[in-house]
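The sequence shown begins at 574 in this note's numbering and counts up one residue at a time.
Positions of the beta carbon are idealized from the N, C-alpha and C atoms, including for glycine.
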Amino acid sequence: MGLSKLAGLLVPGLLIAAIYYAVFGGEYSVFELREARAALEVERVALIRVEEQIGSLAAWADSLENDPTTLERIAREDFGMIRDGETLYRFADAGPVAELNHTDER
Numbered sequence: 574m575g576l577s578k579l580a581g582l583l584v585p586g587l588l589i590a591a592i593y594y595a596v597f598g599g600e601y602s603v604f605e606l607r608e609a610r611a612a613l614e615v616e617r618v619a620l621i622r623v624e625e626q627i628g629s630l631a632a633w634a635d636s637l638e639n640d641p642t643t644l645e646r647i648a649r650e651d652f653g654m655i656r657d658g659e660t661l662y663r664f665a666d667a668g669p670v671a672e673l674n675h676t677d678e679r
């Protein structure tokens with residue numbers, strides 16, 4: 574009778590300990606699973622952004638390869654190239670303006 578009573582206490586105790594370990598402890602606890610799912614969602618969002626950037630860069634590369642208007646615009650804006658007979662006017666940035674020294678004449 575003593576062994577039966579010991580088994581009656583030991584089995585539920587071990588079961589409770591196993592459930593506790595499965596939920597809160599161990600390498601794959603519920604909390605770690607929740608964190609892993611959140612990290613997965615963050616990475617999915619980052620992947621979508623990178624894929625959009627790749628698409629944008631692919632479109633830009635295509636326009637550089639196949640669109641003469643784009644090439645001309647870049648040549649003019651970035652490198653200051655002009656066609657024959659054109660005159661290029663460049664304007665300097667204003668920079669800091671010097672204060673005028675005025676004397677009060679009274």
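In the DSSP assignment, find the alpha helix (DSSP H) that holds glycine 628 and state where it starts and stops.
-> Counting from one through the sequence shown, the residue named residue 628 turns up at place 55. From DSSP, the alpha helix (DSSP H) with glycine 628 extends over 603–639.
Span separating the alpha-carbon of serine 577 from that of arginine 607 | Residue numbering aside, residue 577 sits at position 4 when the sequence shown is read from its first letter. Residue numbering aside, residue 607 sits at position 34 when the sequence shown is read from its first letter. Roughly 40 Å separates the two Cα atoms.
Reduced DSSP category for isoleucine 589 - H, G, I as helix; E, B as strand; rest coil | Stepping through the sequence shown from its first residue, residue 589 is reached at position 16. Three-state DSSP puts isoleucine 589 in a helix.
Which listed residue (Glu638, Tyr662 and Asn639) has its alpha carbon closest to that of arginine 649 = Reading the sequence shown from its first residue, position 76 is the one you call residue 649. The option with the nearest alpha carbon to arginine 649 is Tyr662.
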